[in-house]
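Participant: Before I ask anything, let me first share the structure, which is written out below as structure tokens.
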Amino acid sequence: MQVELNGRVALVTGAAGAIGRAIARRLSDNGASVVIADINREGAEAYAATLPDAMAAVIDISSRDSAEAGVAETLARYGRIDILVNNAGVNSFVHRVNIDSFPLEEWERITRIDLDGLYLMSHAALQPMVKQGEGGRIINIASVVGLAAMRLQSPFVAAKAGIIHMTRSMALELGPQGILTNAIAPGSIMTEGTRSLFYGADGKFAGRTAEFMRHLPLGRPGTPEEIAEAVLFLSSPGAGYINGQVLAVDGGWTAGYMM
Amino acid sequence: MQIELQNTFVELRGEQNPVTAAILDALRRNGATVGAVAPVPDILIVSLPLLPVAGNEPAPHLQAAREAGEAMFARGSGRILFLVSAAAGMPMRRHAEFSVAMAGVLATVRTMAMQLGPAVLVNALGVGAIGEALVAGDAAMLGHASVKRPGTVAEVADTALFFCDPLNSYTTGQLLSVDGGWSAGYGRNF
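Residue numbers (the numbering used here), protein chains in the order written: chain W, 1 to 259; chain D, 1001 to 1190.
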């Protein structure tokens, strides 16, 4: 897909990670100026240097000050924000346990980043976006676990469900101002993390991977580029009447029960 | 929006209206060949009735879609896009039968996605208040969208292109509505 994003400024959080990098590149390829926002300075700077018109911003989305500072840096360089992609998030790969054993500190760390962080980043980016008065786009990267719950990762599941419903309330609040908010719910996507988890030598879930893939209509994990394609569409002028929608890009995982 | 559809055969089944005309135009502009010229199309657009009037039964269209889906599955590739009312995801009080029918179409989309994967991708595009005369259901109800204008046929056509985009290859069994936020929730200010 090729769309017209010339003159648009997009801020992508978690943009040093695999999915964030793919999103940033796709937006850049279609003419947007892109802010590579990440807590990982080295990764953000290295990736921004590969794009024709991009800047790195070190943002810890769980910090209000950091989110606001990142938006201020963006405005200093580009003067506006048109598209916010809330992609940054974390899960626990260590504590895969039931809620009765789930450590409070880990619960707080995950929900602080995944849910509070999305609020803090949106709150900061909306200040200029609303003031610009020209509308805008917010694309929240949720997860299929926000649509269909899973065991052993209760804070991630709760935060992603929160993101999905927050997307709808943001859509209702911001729609009259022409700011459209939608969510993408990725299924299992092949990134560094899932590759080592499912397929790596140390992947303790490797034995279950084949069984899991049999429960997906498309029978394979998705790619970061497939998520990026959906983000590109929702950022495009043609998606101007799509608001408050949650699109699962999940190989059919949530289509139904595949036993 | 541009996508790459050279050597792609597209067929439309079901109702023809300004939305389907815009979609077929957009597909042609992107290189697709439209019409019943291939034994099994690469992309099948199934256009369901957009207005809740008696006699607008989706059943014959669903049967045709299932048959085409099986042929695509046997060949090993294909895409099916159902054009439905946004009421598929949100029933409307004064249109019970229409809402039930649309929900049934959505269940068909989801089960077909499971049965026909990984060869065939099956999705639905929910149409909200589009244009002035053409509305996918009840104009008064669908007018309660947070985006304070009706959508355009071009916006529906671009969304259809997204579902036909060769690079959008991991989306199946999904409903994406072009409804300005109508199905997102209640838009009251208290």
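No residue lacks a Cβ here, since even glycine has one placed at the ideal position from N, Cα and C.
D/Val1084: buried (16+ other C-beta within 10 angstroms of its C-beta) or exposed?
Facilitator: D/Val1084 is buried by the Cβ-count criterion.
Participant: Do W/Ala54 and W/Thr111 count as a contact pair if the criterion is CB distance below 9 Å?
Facilitator: Contact flag unset, no.
Participant: Using a Cβ cut-off of 9 Å (strictly closer), state whether D/Leu1167 contacts chain W.
Facilitator: At least one chain W Cβ lies under 9 Å of D/Leu1167.
Participant: Roughly how many angstroms lie between the CA atoms of W/Phe93 and D/Glu1004, to the nearest whole one?
Facilitator: Spanning the two alpha carbons is a distance of roughly 39 Å.
Participant: Tell me the DSSP secondary structure of W/Thr264 in three-state form.
Facilitator: Any property of residue 264 of chain W remains undetermined from this structure, which presents chain W solely from 1 to 259.
Participant: Using DSSP's beta-bridge definition, name the partner residues of W/Leu111.
Facilitator: The sequence shown places Thr at residue 111 of chain W, rather than the Leu named in the question. For W/Thr111, which the question treats as bridged, DSSP gives no partner whatsoever.
Participant: Could you tell me the alpha carbon to alpha carbon distance between D/Leu1167 and W/Ala10, rounded to whole angstroms?
Facilitator: Roughly 21 Å separates the two Cα atoms.
Participant: Quick check: the Cα distance between D/Ala1065 and D/Asn1056, rounded to an integer number of angstroms?
Facilitator: Taking the straight line from one Cα to the other gives about 16 Å.
Participant: Check this for me: beta carbons of D/Ala1068 and D/Leu1044, under 9 Å apart or not?
Facilitator: Yes, they are a contact pair.
Participant: Measure the C-alpha to C-alpha separation of D/Val1109 and D/Val1122 and round it to an integer number of angstroms.
Facilitator: Distance between the alpha carbons of D/Val1109 and D/Val1122 is about 6 Å.
Participant: Does D/Asp1158 have its Cβ less than 9 Å from a Cβ in chain W?
Facilitator: Yes - at least one Cβ of chain W is within 9 Å of the one on D/Asp1158.
Participant: Apply the 10 Å Cβ neighbour rule to W/His123 and answer buried if 16 or more other Cβ atoms are within range, or exposed otherwise.
Facilitator: Exposed: under 16 other Cβ atoms inside 10 Å.
Participant: Does the distance from the CB of W/Ala22 to the CB of W/Ala228 come in under 9 Å?
Facilitator: Going by C-beta atoms, W/Ala22 is nearer than 9 Å to W/Ala228.
Participant: Answer yes or no: does any C-beta atom of chain W fall closer than 9 Å to that of D/Gln1006?
Facilitator: No, its Cβ sits nowhere closer than 9 Å to a Cβ of chain W.
Participant: Applying the criterion that 16 or more other CB atoms from any shown protein chain within 10 Å of the CB defines a buried residue, is D/Gly1031 buried or exposed?
Facilitator: Exposed.
Participant: On the CB-based measure, 16 or more other CB atoms within 10 Å of its CB, does W/Pro103 come out buried or exposed?
Facilitator: Looking at its Cβ environment, which holds fewer than 16 other Cβ atoms inside 10 Å, W/Pro103 is exposed.
Participant: Tell me the DSSP bridge mates of W/Asp38?
Facilitator: W/Val58, per the DSSP bridge assignment.
Participant: Using 8 Å as the cut-off, classify the Cβ of D/Glu1097 as near or not near the heavy atoms of the ligand FAD, replying yes or no.
Facilitator: This structure lacks the ligand FAD, and indeed carries no ligand of any kind.
Participant: Let me know the secondary structure DSSP gives W/Ile83 once reduced to three states.
Facilitator: Of the three classes helix, strand and coil, the one that applies to W/Ile83 here is strand, per DSSP.
Participant: Within 8 Å, do at least three Cβ pairs link the region 73-83 of chain W to the region 128-138 of chain W?
Facilitator: The region 128-138 of chain W is in contact with the region 73-83 of chain W.
Participant: With 9 Å set as the bound, which would you pick, yes or no: does the beta-carbon of W/Arg8 sit closer than that to a beta-carbon of chain D?
Facilitator: For W/Arg8, the answer is no, since every Cβ of chain D falls outside 9 Å of its Cβ.
Participant: Quick one: Cα of W/Val231 to Cα of W/Val34, how far?
Facilitator: Those two C-alpha atoms are separated by around 14 Å.
Participant: How is the alpha helix (DSSP H) around D/Phe1098 delimited, first residue to last?
Facilitator: Note, D/Phe1098: alpha helix (DSSP H), 1096-1116.
Participant: Which residues of the region 1139-1156 of chain D have a Cβ closer than 9 Å to any Cβ of chain W? Give them in chain order.
Facilitator: So the close ones are Ala1145, Ser1146, Val1147, Lys1148, Arg1149, Pro1150, Gly1151, Thr1152, Ala1154, Glu1155, Val1156.
Participant: Which stretch, first to last residue, makes up the beta strand (DSSP E) that contains W/Val249?
Facilitator: Residues 246-249.
Participant: Assign W/Thr13 to one of three DSSP states: helix, strand, or coil.
Facilitator: Three-state result, W/Thr13: strand.
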